[in-house]
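Heads up: the structure comes next, in structure tokens.
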Amino acid sequence: MLEKTYNPKDSEEQLYDAWEASGAFRAGNKPDAKPFTIVIPPPNVTGSLHIGHALNNTLQDILSRFERMRGRDVLWQPGMDHAGIATQLVVERQLAEKQTSRQKLGREEFLRRVWEWKAESGGTIMRQLRRLGASCDWSRDRFTMGETEADQMSRAVLKVFVELYKQGLMYKDTRLVNWDPRLQTAVSDLEVENIEVKGNLWHIKYPLADKPDEFIIVATTRPETMLGDTAVAVHPDDERYKALVGKKVRLPLSERLIPIVADEYADPEKGSGAVKITPAHDFNDYEVGRRHKFEPLNILTLDGKINDKAAAPYRGLDRFEARKRVVADLEAMGLLEKVEPVTHAVPHDEKTKTVVLEPMLTEQWYLNVKPLADRALESVRSGQTKFVPERFADTYYRWLEDIRPWCVSRQLWWGHQIPAWYDDKGNIFVAETEADALAQAKAKHGHDVALKRDPDVLDTWFSSGLWPFSTMGWPDKTPELARYYPTDVVVTMFDIIFFWVARMMMFGLHFMDKEPFHTIYIHARVVDERGQKMSKTRGNVIDPLTLIDEFGADALRFALAIAAAAGKDLRMGRSRVEVYRNFCTKIWNAARFCEMNECKRVDGFDPSALKGTVNRWIVGELFRARDEVTKALETYRFNDAAGGLYEFVWNVYCDWYLEFIKPVLNGSDEAQKAETRATAAWVMDEMLRLMHPFTPFITEELWRQTGEQGPKRESMLISAAWPDYSKIARDTAAASEMNWVKSLISEVRSVRAEMNVPPASKLPLTLKTANADERAWLDRHNELILRMARLDAAQAGDAFAKSSAQIVVGDGTAGLALEGFIDFAKERARLTKEQQRLTAEIGRIDAKLGNEAFVAKAPEEVIDEQREKRAEYEAALGKVTEALKRLG
RNA sequence: GGGCGAUUAGCUCAGUUGGUAGAGCGCAUCGUUUACACCGAUGAUGUCGGCGGUUCGAGCCCGUCAUCGCCCACCA
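In structure tokens, the structure reads:
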């Protein structure tokens, strides 16, 4: 017996365990089937499940379950990312609370602590994914980094690095990088967020060396950097300054003499037309400095203080402190021409958004990604890999087309340590193991030499870029790799197209020689119910687990799926989840209805051999729903798939079918009753299948409980087959008939409501129609029409001369004669008119094309256009005719 | 400065080859007929952002303008 209400909490955990124990999540148990593979976007080991993960993983799970039911050998590869900076910061914070630091502990001990922390509390998110119902193959769980370098996941990273080095694509270079002075590490361009802030533009007077009373004025938003100026640049064509080029200015505060140079970088339109050049602290100035062979003068320490290369009074000051001092001193010297308030973009740390990044001259490892990017571009351009929705391909192109070398080294401890060793002469030995490096060094020097390993680690995204093949055992030649690479689809959000998707494309093509996936599905960002981005500071974060607790995982999943129109912001909140909890309740109650009315599954049910119109109709509707859901899922239209199911389950099966069959179930025609019971149960069963990818828990629970009635189940629902009705003939006659009945009932109800007829009063109905079918249908469905439209008696009146159908509700006596026109009659009239119009239109075109003079004279495009138009009309006519047929 | 997206019922949003405008919530009226009030029936509300154009026909295609949002960009 089904409980009166479904309580998700009572069964979700148990069901999940049963699935897992059954082995249904595991890949490889259908060796003859075609594989279907998704690799999870590995969440940070430090993370916990937020609503965005819930969406991301719900979509992946829907695809996994769908394809599993369709018979594919599904591998949904789970795993986590070591998340270099994020994780290191978490552990450093813990250390700070214990009054210690990573520096005090030393590298080895610090790393031991991080691993310890990972073992204890890392991976919370993986447990949370289970609550969501994620059907990952947990037996293949992976982490982007091994505990030792001999571990396969780490070997993959080292091997990639070494290969790229051998190919000349990985190299060391000293240049400006985006530097985080707090963490004291380089970050890549992608990790920089330029934030508009209010600042000042200071116009400073630089006195000419030979005429101290004359000045050249430069403007800057960062006056402290003038301590590192090496020149002033003006445009070569700028008449105002032509005479000054080659002369020198006396740099205020430093008293250094610096040259005035001509460079096209200086824009005569901007400021005074003269610009200060600080190669060590500005990306543009660095380039100018290179052109003019200026030695960059670095005036900052790695933690953002003024160093001892700068003028003495400022040494040791924090960069912002120094700015104030510089401005104050300039003002005191009368060298401040003016101060202009401006808003300008300032580079910030992408994560915290508080730390201002500094261009810093350091030596780092770079990967020349250009050749890899070209292949990655070609794959999408050629359609080998497709973006859904397509427009994201443009974003991808634009970034890859002018991609710059990727700074892959980070001055952190948590991560893959760069496999490069140095001897004391500065020679570099890149190797997968220290032994190799030593051997290389020995070969070079002819004797053993001591080597020191590069202390830096790799950017976190370096290892996640290998995810589609590293998780499958690469660089070893494993059977998994052969079977499951390339994967099918990657499901992710637009903000990591560059960070992750592009890198996987590049590495996949470079090392596996195949695109890592054929489809890149980009889903929306989840925002709150008012459309605001969720953030901790706003306090509008919705915790998916709270929602699961309150409404069940199915409700949350369905709410996410039905709102997931590709690539658009998706608003989510409590009330939305509640709606789909109600939907789950609806299914549950429908199942209870079936149970109470002894609608049991029967052996050998044949949907094509049904006699009752109502049963034939619902089966036809089911076929249509199945096709719609299947098609939608095949094209990643999750919202359409979920919407189609919602509509079918609630508005077709529950609202109409179950009402239609009540008279039969309460009647005395045993044969009809038996057929109806079997049909109701069969359709319910099929609905459970179709619903399962979206709402796995409640459907599995109903599958289990209804399994006790009727023939024994062969498997759990998770392993059951997706419906395929392709071999069953479609019955459109039943649809015409039942649509007519539905329209009639709706129309009567509508007329009653409009006329304020009390529900208790049952009225007679007179139907006047010229259509013989309609009279037959009225007779056949007399009982249920009476019941559902609350009528007293139904009779078919005489045919009208005009063929519009009309109903008269009431006994025809004063005050009780309500008239209404049935929708379908109007619809039929309209369609008929349309049909005539289209036919005429086609006739006209045919005549035109049949006219020799016209064909001889008209240009080819015009002929083609006419043909095209004709085809369009033909198609429209087909649609109209079909619709008419449905109406009868 | 470039690029992209959005603009449809009070609110949140669907609308896939152009063919009489849809859903959910909310609202109004009625209803407790034994699956379900986490329910049922019925209903009201739209110049589909503005203006042009293509077409027999445009929410959908083209042009343009407006407002909002996002991404990218080294500008003093």
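Residue numbers (our numbering): 49 to 936. Every residue, glycine too, gets a C-beta built ideally from N, C-alpha and C.
| Check | Outcome |
| --- | --- |
| Quick check: what's the CA-CA separation for GLU707 versus VAL700? | 10 Å |
| If you draw a straight line from the alpha carbon of TYR470 to that of GLY494, how long is it in whole angstroms? | 16 Å |
| Evaluate SER763 with the Cβ neighbour count: other Cβ atoms within 10 Å of its Cβ, from every protein chain shown; 16 or more gives buried, anything less gives exposed. | exposed |
| Tell me the DSSP secondary structure of SER791 in three-state form. | helix |
| Between ASN804 and VAL796, what straight-line distance do the alpha-carbon atoms span, to the nearest angstrom? | 12 Å |
| Is it true that the region 274-292 meets the region 233-241, where meeting means three or more beta-carbon pairs spaced less than 8 Å apart? | no |
| What's the C-alpha gap between ALA485 and VAL210? | 11 Å |
| Using only the alpha-carbon positions, how far apart do LEU348 and CYS455 sit? | 21 Å |
| Which whole-angstrom value describes the C-beta separation of PHE517 and VAL538, a residue pair presumed to lie in contact below a C-beta threshold of 8 Å? | About 13 Å; that fails the 8 Å criterion. |
| As a quick exercise: from LEU378, LYS57, LYS82 and PHE547, pick the residue whose alpha carbon is nearest that of GLU398. | PHE547 |
| For SER302, which residues in the same chain have their Cβ closer than 7 Å to its Cβ, ignoring the five residues on either side in sequence? | LEU275 and ALA359 |
| May I ask which residues mark the beginning and end of the beta strand (DSSP E) holding TRP469? | 468-470 |
| Let me know the secondary structure DSSP gives SER236 once reduced to three states. | coil |
| So within the region 258-301, which uninterrupted beta strand (DSSP E) runs reach at least 3 residues, ignoring any that extend past its ends? | 263-268, 279-282 and 296-298 |
| Find the nearest neighbour of GLN215 within the set PHE191, VAL436 and HIS558, judged by alpha-carbon distance. | HIS558 |
| Could you tell me whether the Cβ atoms of PHE191 and GLY127 are closer together than 8 Å? | yes |
| State the DSSP-derived secondary structure class of GLU406, mapped to helix, strand or coil. | strand |
| Quick check on this structure: which residue in ALA638, THR391 and HIS829 has the alpha carbon closest to the alpha carbon of ARG270? | THR391 |
| Tell me, which residues are paired with GLY247 by DSSP? | VAL390 |
| Tell me whether TRP124 sits in a helix, a strand or coil according to DSSP, three-state version. | strand |
| I need the straight-line Cα distance from VAL417 to VAL323, nearest angstrom please. | 33 Å |
| Considering Cα atoms alone, identify which of GLN488, TYR445, ASN55 and SER767 is closest to LEU736. | SER767 |
| Quick one: what does DSSP say ARG685 is sitting in, helix, strand or coil? | coil |
| At which residue ranges does the region 717-771 contain complete alpha helix (DSSP H) runs of 4 or more residues, listed in the order of the chain? | 718-739 and 744-754 |
| Suppose the cutoff is 8 Å on Cβ atoms and the five residues either side in sequence are ignored; what does the same chain contact list for PHE542 look like? | PHE440, THR443, ILE570, ARG573 and GLY615 |
| Do you know offhand how far ASP733's Cα is from PHE114's? | 16 Å |
| Buried or exposed, going by whether 16 or more other CB atoms sit within 10 Å of the CB of ALA814? | Rather than Ala, the amino acid found at residue 814 in this sequence is Thr. Its Cβ being crowded by 16 or more others within 10 Å, THR814 is buried. |
| Helix, strand or coil for TYR444, going by three-state DSSP, please let me know. | helix |
| Does the pairing of the region 258-267 with the region 229-236 give three or more beta-carbon distances under 8 Å? | no |
| Using the rule of at least 16 other Cβ atoms within 10 Å of the residue's Cβ for burial, across every protein chain shown, is ALA198 buried or exposed? | exposed |
| Can you tell me which of the three DSSP states TYR533 falls into? | coil |
| Residues in the same chain with beta-carbon distance under 6 Å from GLN757, minus the five sequence neighbours each way, listed in chain order, please. | LYS648 |
| Which whole-angstrom value describes the C-beta separation of GLY181 and TYR64, a residue pair presumed to lie in contact below a C-beta threshold of 8 Å? | 7 Å |
| Would you kindly work out how many angstroms separate the C-alpha atoms of LYS492 and VAL139, rounded to a whole number? | 41 Å |
| Kindly provide the ranges of any beta strand (DSSP E) runs that are 3 or more residues long and lie completely inside the region 298-365, ordered along the chain. | 305-310 and 322-325 |
| Could you check whether the region 458-466 touches the region 494-509, counting it as contact only if at least three pairs of C-beta atoms, one from each stretch, sit closer than 8 Å? | yes |
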